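Protein chains in written order, with the working numbering: chain D, 8 to 251; chain W, 8 to 251.
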DNA sequence: GCTGAGATTGCAAAATACGCAACGCGCGTT
DNA sequence: AACGCGCGTTGCGTATTTTGCAATCTCAGC
């Protein structure tokens, strides 16, 4: 709708992947250098973008401030924070918090494992609905009508050979999730990583978020991960209680 | 330079303070509703902004992702993270990490004290240069020419009755900071809060960041805070070593 | 079923952003 | 030391894009 703004957002997205030079950005957006320069200048003035000594552009510090503010607007995250920290300390594993936002499951918090095994996940990024623990938990909690719509639209990308590959299979899986009150991801999204996830609910029992624990296979096998389930459920229960 | 973009950024800044309705935003920016609507739509499409059921606008999840990426682009933060965590655990106090960015000292990481005493500081926000420990440390490390320029431009806002109030006083303070290798803030920014801060350096000895510990007066008096200095210096030394 | 507050759209005016081409500047090359 | 190249920057005329208005639509409360 607004061309210059759309381009500016594209620039920000691009800078999110790494620093860029003016020409690189111009080439990427396929617009004239001049245009990019002026957009960058505007954003620089408000600290959304900065540039280093060698004229390479990077994301600016204003984004920190905004993201920080955006988080505080997510009540769940505030409430969950200390509990997640405790779970992270106790289990030593990577812990995620995700919420439902506009048809997607979005990670809004992440605590790394003590062993710094890098995982492909990031705060602010959507989680796949058909093959992650939090995705399943959140999807299973949506109105049935919307679940069906979404299940029909998913791409069912096969990340590993365990990935659920179609609506029927997913529908069955969601039934299990609803019945048992938690979801598993047995190397469905990343090979050699198992996860378990459970919902956080408000006073009316509505699901307002999902917490998961992710463990690389080489640390714990799937059955051993299941032994962490009581800790996970205790955490989500505590968060839900604090949530009022 | 780019009007629509500038307005859009203004909208983001405003949403950073809380959720807004269309009319509220229009009034705040003093532009027509239509204009705001279209800007919001553009940002909504890229998940920079979202709106809830009742048509109130909030910051979107894309900002999380970007902020997360922006952090990872700050090498110092990555390297410092585990050390800060350790310092935070050992002392139990609020720990900050700040870097120099475009003439300002910006907080890029913060770990709260175990006693949740709220401090007025926020990741992404600039720290005052004349009355915070990190501000002094970072300012003292800049080229003298720039220091002078900046000292002439600062507003020397008197937050408390201990706040440094002019260039001469600040110049003397910075000499002390350089000489001793760390800086203090004796209730100069927030009454009843004392801080100590020290620089992180790269292999060439250039200052690339600053770490500080902040303690409310009711927990420890100034002399007691000074006893934490060895811990602080050990931390900055360790970070500097890891920095390569 | 009416009323009104707020969101949304079509349109025409013009302000604004755009691309071009020329300039400046620093760095590495010959 | 001079030259040339790469890259950022600027002035300017054009026309695309954005803007504000006014009319319309939608939904909630009465």
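Cβ atoms here follow ideal geometry from the backbone N, Cα and C, with glycine treated the same way. Being a predicted model, the structure only gives us computed values, none of them experimental.
Cβ pair count under 8 Å reaching 3, the stretch 69-76 of chain W against the stretch 31-38 of chain W: Flag = no, the stretch 69-76 of chain W and the stretch 31-38 of chain W do not touch.
Give a yes or no on whether the minimum CB-CB distance between residue 158(D) and chain W is below 9 Å. Taking Cβ atoms only, chain W never reaches closer than 9 Å to residue 158(D), which makes this a no.
Mind checking if residue 109(D) is an interface residue toward chain W, Cβ cutoff 9 Å exclusive? yes
Can you give me the C-alpha to C-alpha distance between residue 114(W) and residue 130(W), rounded to a whole angstrom? 5 Å
Cβ contact check for the stretch 229-244 of chain D and the stretch 198-213 of chain D: 3 or more pairs under 8 Å: yes
Hey, quick one: how far does the alpha helix (DSSP H) through residue 249(W) stretch, first residue to last? 236-249
Can you tell me where the alpha helix (DSSP H) holding residue 159(D) begins and where it ends? Its alpha helix (DSSP H) spans residues 151-160.
Helix, strand or coil, according to DSSP, for residue 56(W) in the structure here? strand
Go through its chain and collect everything with a Cβ distance to residue 54(D)'s Cβ below 6 Å, but skip five positions before and after it. 67, 68 and 69
Measure the CB-CB distance between residue 104(D) and residue 87(D) and report whether it falls below 9 Å. yes
Identify the continuous alpha helix (DSSP H) that holds residue 254(W) and give its terminal residues. This structure leaves residue 254(W) out entirely; chain W is present only between 8 and 251.
Closer than 9 Å to chain D by CB, residue 129(W): yes
Please list the residues of the stretch 12-28 of chain D that have a C-beta atom closer than 9 Å to any C-beta atom in chain W, keeping them in chain order. Listed by position along the chain: 12, 13, 14, 15, 16, 17, 19, 20, 22, 23, 24, 25 and 26.
Residue 114(D) lies in the beta strand (DSSP E); which residues open and close that run? 111-118
For residue 95(W), count the other beta carbons within 10 Å of its own beta carbon; 16 or more makes it buried, fewer makes it exposed. Which is it? Buried, since its Cβ has 16 or more Cβ neighbours within 10 Å.
Starting from residue 75(W), find everything on chain D with Cβ-Cβ shorter than 7 Å and list it in chain order. 129, 130 and 131
Using 10 angstroms around the beta-carbon of residue 133(D), count the other beta-carbons present and answer buried if the total reaches 16, otherwise exposed. Counting Cβ neighbours within 10 Å, residue 133(D) comes out buried, since at least 16 surround it.
Ends of the beta strand (DSSP E) at residue 132(W)? For residue 132(W), no beta strand (DSSP E) run applies, since DSSP gives it neither H nor E.
I need the DSSP call for residue 197(W), collapsed to helix, strand or coil. DSSP, reduced to helix, strand and coil, places residue 197(W) outside both helices and strands of the structure shown, so it counts as coil.
Would you list the residues sitting across from residue 102(W) in a DSSP beta bridge? 118(W) and 220(W)
Leaving out the 5 sequence neighbours to the left and right, which residues in its chain are closer than 7 Å to residue 172(W) when beta-carbon positions are compared? So the list reads 163 and 165, once near-sequence residues are dropped.
Residue nearest to residue 63(D) in terms of C-alpha spacing, selected from 77(D), 83(D), 89(D) and 21(D): The shortest C-alpha separation from residue 63(D) is found at 21(D).
Whole-angstrom Cβ separation of residue 141(W) and residue 191(W), contact assumed at under 8 Å? In fact, because the Cβ distance is near 11 Å, the residues do not count as touching under 8 Å.
So, with DSSP's three-state summary, where would you put residue 64(D)? In the structure shown, residue 64(D) falls within a strand segment according to DSSP collapsed to helix, strand and coil.
Figure out for me which residue from 26(W), 77(W) and 30(W) has the closest Cα to the Cα of residue 57(W). 26(W)
Near-chain D residues of the stretch 79-111 of chain W (beta-carbon distance less than 7 Å), N- to C-terminal order: 80, 108 and 109
Nearest-angstrom Cα distance between residue 159(W) and residue 97(D)? 51 Å
Note down, in chain order, every chain W residue with its Cβ under 8 Å from the Cβ of residue 246(D). Near residue 246(D) there are no residues of chain W at all, since even the closest Cβ is about 17 Å away, more than 8 Å.
Output the distance between the C-alpha atoms of residue 189(W) and residue 82(W), rounded to the nearest integer angstrom. 22 Å
Return the CA-CA distance between residue 137(D) and residue 248(D), expressed in angstroms with no decimal places. 28 Å
Do residue 47(W) and residue 46(D) have their beta-carbon atoms positioned less than 9 Å apart in this structure? Cβ distance not < 9 Å, so residue 46(D) and residue 47(W) don't count as in contact.
Do you know how far the Cα of residue 51(W) is from the Cα of residue 16(D)? 11 Å
Can you tell me whether residue 91(W) is buried or exposed, with buried defined as 16 or more other CB within 10 angstroms of its CB? buried
Answer with buried or exposed for residue 39(W), where buried requires no fewer than 16 other C-beta atoms within 10 angstroms of its C-beta. exposed
Which partner residues does residue 27(D) have in the DSSP bridge list? 64(D)
Could you compute how far the alpha carbon of residue 184(D) sits from the alpha carbon of residue 106(D)? 17 Å
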